[in-house]
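Everything below concerns the one structure shown next.
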Amino acid sequence: MVLLCGVPNDSPLQLLIDALEEAEYPYVFVNQRQFDQMAIRYEWVGGELLGELTIARTIYELQHITGIYNRGMNYQALPEYGLLTPNDPLRAHAARFHDGLFGWIEMANCRVLNQGYAMTSNSSKPYQMLQIVKAGFGIPPSLITNQADQVPHFQESRGTLIFKSASGVRSIVREFADEHSARLGQIKSCPALFQQKLIGTNIRVHVVGERVFAHRIESGYVDYRYAGRNGSSTEMTAYELPASIADRCIRLSESLNLPLAGIDLFETETGEYYCFEVNPSPGFSYFEEHTGQRISLAIADYLAGSRVDL
Amino acid sequence: MFWMLLHADDAPGIWLYRRLRQQGVVVELVTVEEWFCNGAFTLTMDETTDETHLRLQDGRDWNLEQTRAVMARVCSMPAVAWQLFAESEKDYVAQEWQAIFMAWADLMPMLFNQPTPMGLSGRTRSTGEWGQLADSVGFDTGPFFYDSAVGIIAQPDLHHAQRVDLLVYRGRCYGCLGNLPEAVEEMACALQAASGEQLIGVSLAMSATGFVFIGASTHPDLRLGGDEFVEAILTDLYDGTALRSSERLAPAIAY
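The listed protein sequences correspond, in order, to chains A and F. Sequential numbering from 1278 applies to the first sequence in our numbering. Sequential numbering from 28 applies to the second sequence in our numbering.
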C-alpha cells in the first residue's frame, strides 16, 4: 500500500493518484485538510516500528505501507486550521497528529519520496551548490556578498550576471541590469547571490530512484517558470541525456538522499553541463503535461516497490 | 589559525576555549552573534575554487585560506542580528543569512559536526530518530511509543535510575566511565559513527537489566570529557590528520 500525504488540489499529487489507479496499486491518501478525522500511533516492538493510521474510522497498518509520497504542507497554513478558535482542542490535535505523522515518515522503513530532513537541503542554494560540485557537476561562477563594490569587479570578469536569493524564499532569477546597480547599497544588510549568466539551454531532469526523465526547455526569459508573466514563452520537449550525465544525476540525487529530485541542468553552447540546483519536492506535473513523459507512473512504480515497462 | 564559533552563553564551549588557551593554543573566539552582525562578507565559488572572507565588526578578518581548524557549536540563528529589520523582512533576512552560513560553514575545516540542512552544527534528530539509531547499533532503548491522542513519546520510566552521560568523540568515549562495560562503550562509539557526526553526547540510565539508552545530542556538555577530551582535541589540532588541510603545524607547546 502506498501512502500519499498532502492536499487534494496539488497537481503532482493528483497525477500520482491517477497513475496509482491506472497501475491498480492500492493507496491511501492522508488529506491533511481532514486532520480532524485522523489519528496515528506507533511503537517499537522488537526493533521494528509498528503502528496504525486511522482515517475516518478506517485503520491502516503502518507496516503494510511500501512507499510514502510526502507533499505534506505546514498544517498551520491549512484553511481548516486557520478557522479554528484559539482555544479549540482541534488545534492541539492538528499539532499532535502532524508531529506524529511527520515523525513516523522520518523513521519509516520503506521507500519515502522524500524524507523531511533531506528535503531541506535546498533551503540553502550555496550549500547545495557545494554538494553539486562534490557530485561532479559544474556550477556557474558565483558571488555572495554584502559589499556593493565587489559586484562590479565580479561583473567585469564574468560578464552578464543574474541574481537571486540564497535561500528558498523569494527565489526568482533576474538578470542584473543598470537599474539594479543603483540599489546595490541595499545588500549591506542582507547579501545577495550573483552568478555568471550562462548561454545555452535549460534542461530539467527528474530522477525517480534509478530512472531519469529529461526535458529540454527553450525560453526567451532568464527564469523560464516566469516567462509568460514577462511577455515571453516557453517550449518544452522530451530529451535524452548522455548516459554519463544521466548517471551523474542519479549519483547527485543519491548524495542528497533524494530518490525523487528535480534537477535544473544547463547545457552550454559548447556542450558543457552545469547544474543550478536540485528541487527536493519537484512539481513534475508541469513537465509531464508538456512532454508526455510518465514521471507519475515511475513514481507509482517506485513507491509500490515494483517496476513496469513504460 | 584556529577558530571557535560559540553562542555567548555556551558555557561548555567557553570552558573548552579556556582550557585550550591555558594549554597555550592560540584560538580566536567569535560569538555567533558577532558572526551574523559582521562588517563585510564575501564568498565566491565555482567548480574548482572557493574563497570566503569575513570581516568582523572589531576588525578581525576570517579567511578560509588562513583557517586551520574550526570548532563551531551553533544551535540557532541569533535574533539580535535582524531585530532592526521591519517585521515583514525579518524572516526573509534570517533565512538568507542561514542559507549563507550553511555554505560558509561547509567550506570551513570543521573539527567536529559539519552543518547540515537539519542543524547548523550537526544534524538535529528527534527523540524517536535517536532511539531508532541507538536500537540499530544494539542499545536497549526500552519501550517507546507515540500516540496522537495524547501526543507523547513514552520513554523508559527511569527517573530514579542512575544516569550516565558520555561524550563520544571520533570513536572514543570520554566521561566518568567507571565500570561501564566495554560493550556499552562500543555501542556508544558505533552510535557516533552511525550518526555521521564526530562528536555526540550519549545519555544512559542504569536499570535492573543493564544500561538503557535515553538520549543523544550533537551539542553535548564538553566538560564531561575533562582534560582527556581536551588532549584529544589538541592532538587533532596539531596532528592535522583530522583536518582537511594536509599541512602539519609544529606544536606551539609541549603537553
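Yeah, the Cβ is synthetic: ideal placement off N, Cα and C, and Gly gets one too.
Quick one: is residue i near chain A, going by C-beta distance under 8 Å?
i: E92 of chain F; result: no
i: Y173 of chain F; result: yes
i: I127 of chain F; result: yes
i: P144 of chain F; result: yes
i: Y196 of chain F; result: no
i: E258 of chain F; result: no
i: V239 of chain F; result: no
i: A210 of chain F; result: no
i: G155 of chain F; result: yes
i: Q122 of chain F; result: yes
i: R150 of chain F; result: yes
i: Y282 of chain F; result: Because Y282 of chain F sits at a pLDDT of 36, beneath the cut-off of 50, its placement in the model cannot be relied upon, and the following sentence gives the value as read from the coordinates. False, the Cβ-Cβ gap to chain A never drops below 8 Å.
i: T262 of chain F; result: no
i: G178 of chain F; result: yes
i: L134 of chain F; result: yes
i: A130 of chain F; result: yes
i: D85 of chain F; result: no
i: Q159 of chain F; result: yes
i: T168 of chain F; result: yes
i: Y44 of chain F; result: no
May I have the straight-line CA-CA distance separating residue i from residue j, to the nearest angstrom?
i: S153 of chain F; j: Q141 of chain F; result: 18 Å
i: C216 of chain F; j: R197 of chain F; result: 8 Å
i: L204 of chain F; j: A99 of chain F; result: 26 Å
i: G1380 of chain A; j: I1317 of chain A; result: 11 Å
i: Q93 of chain F; j: G1344 of chain A; result: 47 Å
i: L1367 of chain A; j: G1283 of chain A; result: 19 Å
i: L43 of chain F; j: V257 of chain F; result: 7 Å
i: E54 of chain F; j: Q110 of chain F; result: Reading off the sequence shown, one finds Val at residue 54 of chain F, where the question assumed Glu. When rounded, the distance between both Cα atoms is 30 Å.
i: P39 of chain F; j: L249 of chain F; result: 5 Å
i: Q1432 of chain A; j: I1409 of chain A; result: 23 Å
i: G146 of chain F; j: E74 of chain F; result: 25 Å
i: L1407 of chain A; j: L70 of chain F; result: 12 Å
i: C1467 of chain A; j: P1418 of chain A; result: 20 Å
i: T79 of chain F; j: N1391 of chain A; result: 32 Å
i: L47 of chain F; j: A259 of chain F; result: 11 Å
i: L1518 of chain A; j: S115 of chain F; result: 43 Å
i: P1356 of chain A; j: R1310 of chain A; result: 8 Å
i: R1584 of chain A; j: P1403 of chain A; result: Unreliable positioning characterises R1584 of chain A in this predicted model, as indicated by a pLDDT of 44, which lies under 50. A coordinate reading is not provided.
i: Q1463 of chain A; j: T1422 of chain A; result: 11 Å
i: D85 of chain F; j: L56 of chain F; result: 12 Å
i: P1429 of chain A; j: F1490 of chain A; result: 39 Å
i: R150 of chain F; j: A126 of chain F; result: 15 Å
i: G1285 of chain A; j: M1350 of chain A; result: According to the sequence provided, residue 1285 of chain A is Pro. The question's Gly does not apply to it. If you take the alpha carbons of P1285 of chain A and M1350 of chain A, they lie about 12 Å apart.
i: R82 of chain F; j: A1515 of chain A; result: 48 Å
i: V52 of chain F; j: A130 of chain F; result: 27 Å
i: D192 of chain F; j: A35 of chain F; result: 24 Å
Using 8 Å as the limit for Cβ to Cβ distance, is residue i near chain B?
i: M104 of chain F; result: Absent from the structure is chain B; the protein chains it does hold are A and F.
Please report the residue range of the alpha helix (DSSP H) in which residue i lies.
i: C216 of chain F; result: 209-222
i: V1322 of chain A; result: First-last for V1322 of chain A: 1315-1322, but that is the beta strand (DSSP E), not the alpha helix (DSSP H).
i: K117 of chain F; result: 114-134
i: Y265 of chain F; result: 253-266
i: E1301 of chain A; result: Neither: E1301 of chain A is in no alpha helix (DSSP H) and is coded neither H nor E.
i: R1435 of chain A; result: 1427-1435
i: L284 of chain F; result: Lying outside 28 to 282, the shown extent of chain F, residue 284 of chain F is not represented and no answer is given.
i: H1457 of chain A; result: 1455-1458
Does any C-beta atom of chain F lie closer than 8 Å to the C-beta of residue i?
i: A1296 of chain A; result: no
i: E1329 of chain A; result: no
i: A1385 of chain A; result: no
i: M1406 of chain A; result: yes
i: I1657 of chain A; result: Missing from the structure shown is residue 1657 of chain A; chain A here goes from 1278 to 1587 and no further.
i: L1587 of chain A; result: Since pLDDT at L1587 of chain A reaches only 34, below the 50 mark, its modelled position is unreliable, and the value read off the structure follows with that caveat. It does not: the Cβ of L1587 of chain A has no partner Cβ on chain F nearer than 8 Å.
i: S1398 of chain A; result: yes
i: F1564 of chain A; result: no
i: G1324 of chain A; result: yes
i: D1578 of chain A; result: no
i: G1477 of chain A; result: no
Starting from residue i, trace the beta strand (DSSP E) both ways and give me its first and last residue.
i: T1331 of chain A; result: 1325-1332
i: Y1358 of chain A; result: Here Y1358 of chain A belongs to no beta strand (DSSP E); instead the alpha helix (DSSP H) covers 1356-1359.
i: L1470 of chain A; result: 1469-1473
i: L160 of chain F; result: Per DSSP, L160 of chain F belongs to no beta strand (DSSP E); it is in the alpha helix (DSSP H), 154-163.
i: G1344 of chain A; result: 1344-1347
i: G1477 of chain A; result: 1477-1485
Any C-beta of chain A within less than 7 Å: which residues of the region 50-78 of chain F qualify? Flagged, chain order: A67, F68, T69, L70, T71, M72, D73, E74.
Whole beta strand (DSSP E) elements within the region 1531-1576 of chain A, 3-residue minimum: DSSP runs (the beta strand (DSSP E)) wholly in the region 1531-1576 of chain A: 1537-1545, 1550-1556.
Taking a cut of 8 Å between CB atoms, which residues from the region 1342-1367 of chain A lie near chain F? Those would be none; no residue qualifies.
Please give the ranges of any alpha helix (DSSP H) in the region 44-107 of chain F, keeping only runs that are unbroken, at least 4 residues long and fully inside the region. Within the region 44-107 of chain F, the runs of alpha helix (DSSP H) that reach at least 4 residues and sit entirely inside it are, in chain order, 59-63.
Unbroken stretches of the beta strand (DSSP E), 3 residues or longer, contained in the region 1382-1416 of chain A: 1388-1390
Could you list the residues in the region 1526-1557 of chain A with a C-beta less than 7 Å from some C-beta on chain F, going in chain order? none
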